[in-house]
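Counting from 1, one number per residue, gives the positions in the sequence shown under the UniProt record's numbering.
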Amino acid sequence: MSKRPGGQPEDGAGGKRIHFADETIHGPEHLMLVRRMEDMERQIRALNESIKEKDEFIDQLQERIHLLNDENKDLHRRIKEKAINTLELEKDI
Numbered sequence: 001m002s003k004r005p006g007g008q009p010e011d012g013a014g015g016k017r018i019h020f021a022d023e024t025i026h027g028p029e030h031l032m033l034v035r036r037m038e039d040m041e042r043q044i045r046a047l048n049e050s051i052k053e054k055d056e057f058i059d060q061l062q063e064r065i066h067l068l069n070d071e072n073k074d075l076h077r078r079i080k081e082k083a084i085n086t087l088e089l090e091k092d093i
């Protein structure tokens, strides 16, 4: 009797058969492939989580860059104003 859902009794303990071209895989080979697929799915989920974390980090960095650019523009404007004021003071002297 099959131990996996949807399998036929004649499939044995391996459960459902997987058909690849002209070959039918069942029994221990089927279980091995199912386990490999499950491992790969876990790896994919872990990679997707890692990608999500890295995307969030990139967003934080881009926001920080934006803030630094704004701060740089403000500093540049203040330096320019100070230089203009200094020139005007020198003319008055």
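Built from N, CA and C at the ideal position, the CB exists for glycine as well.
Straight-line Cα distance separating residue j from residue i
i, j, result
"HIS76", "GLU56", "30 Å"
"ALA83", "LEU89", "10 Å"
"SER50", "HIS30", "30 Å"
"LYS52", "ALA46", "10 Å"
"ARG78", "GLU63", "23 Å"
Segment limits, alpha helix (DSSP H) that includes residue i
i, result
"HIS30", "28-92"
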